[in-house]
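Below is one structure, written out as structure tokens; comments come after it.
In the working numbering, the protein residues as written are 19 to 231.
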């Protein structure tokens, strides 16, 4: 009786174990099926949400097309820098200037206006009176008639062709440094080069051999 009872017990245990395995398998199948259903449901909701968003976007665009056109507004710009005037300052005015040149000869009448930034070249043959005209304008020689008006802000300088050189046998550079000892060497050289004097010439050639014009 005991042996049969043990055998029966083992059968019952195997039956119970088999039932549990089947139950778990069934539960697993149900879980997988439920997950598939949930996933499909979420996909449908997401698709519906996307369609709703697209519909709203289209409705908004249609509404914008129905709006009346807005008038274009003029754009105004302001500049902070000052405009530079193109008007030139009148520095020197000469009207009907005449000068006695000797031997009954006269120079003129001459009229001219020189403004800021102007470059004026006075040409003529030797003895035509170029230097005399300039000296008359500078009030360094008498004039017989005419008028000369100079702007108060204008600075007129006359450099005579015949100069008394402090160091006639020295170079142009030496003379410049003698007259302006505060000038640095490179500043003096750069200044003379502006007058188209070659560096070797201004350092070696005596001033007395340079052209006075």
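Each residue gets a CB set at the ideal place from its N, CA and C atoms; glycine is no exception.
**OP:** List the DSSP bridge partners of residue 167.
**Re:** Numbered from its first residue, the chain shown carries residue 167 at position 149. Looking at the DSSP assignment, residue 167 forms a beta bridge with 111.
**OP:** Verify the CB distance criterion: does residue 171 have a CB-CB separation below 9 Å to chain B?
**Re:** In the displayed structure, chain B is absent; only one protein chain is listed.
Original post:
From the DSSP output, which residues share a beta bridge with residue 116?
Top reply: Locating residue 116 in the chain shown gives position 98, counting from the first residue. Looking at the DSSP output, residue 116 shares a beta bridge with 163.
**OP:** Can you tell me the Cβ-Cβ gap for residue 109 and residue 134, rounded? I've got them flagged as a contact below 8 Å.
**Re:** Numbered from its first residue, the chain shown carries residue 109 at position 91. Numbered from its first residue, the chain shown carries residue 134 at position 116. Rounded, the Cβ-Cβ distance is 6 Å, consistent with contact.
**OP:** Can you grab the Cα-Cα spacing for the pair residue 201 / residue 119, in whole Å?
**Re:** One-based indexing of the chain shown puts residue 201 at position 183. One-based indexing of the chain shown puts residue 119 at position 101. Within the model, the alpha-carbon separation for residue 201 versus residue 119 is close to 41 Å.
Subject >> Own chain partners of residue 48 with C-beta closer than 6 Å, once the 5 adjacent residues on each side are dropped >> reply: As a working mapping, residue 48 is identified with position 30 in the chain shown. Here residue 48 scores only 48 on pLDDT, less than 50, and its place in the model is too uncertain to base an answer on.
Original post:
Taking the beta strand (DSSP E) that residue 124 falls in, what are its first and last residues?
Top reply: In the chain shown, residue 124 corresponds to position 106, counting from 1. For residue 124, the enclosing beta strand (DSSP E) starts and ends at 123-133.
Original post:
Between which two residues does the alpha helix (DSSP H) harbouring residue 148 extend?
Top reply: As a first step, residue 148 is located in the chain shown; it is residue number 130 there, counting from the start. Segment 148-155, the alpha helix (DSSP H) holding residue 148.
Original post:
Measuring CB to CB, does residue 210 end up less than 9 Å from residue 203?
Top reply: The residue labelled residue 210 in the question sits at position 192 within the chain shown. The residue labelled residue 203 in the question sits at position 185 within the chain shown. For the pair residue 210 and residue 203, the CB atoms are not nearer than the 9 Å cut-off.
**OP:** For residue 189, write down the residues that DSSP places opposite it in a beta bridge.
**Re:** Here residue 189 refers to the residue found at position 171 when the chain shown is read from its first residue. DSSP output for residue 189 lists 224 as bridge partner(s).
Original post:
Along the chain, where does the alpha helix (DSSP H) that runs through residue 207 open and close?
Top reply: Here residue 207 is taken as the residue at index 189 of the chain shown, counted from 1. Unbroken alpha helix (DSSP H) run through residue 207: 203-211.
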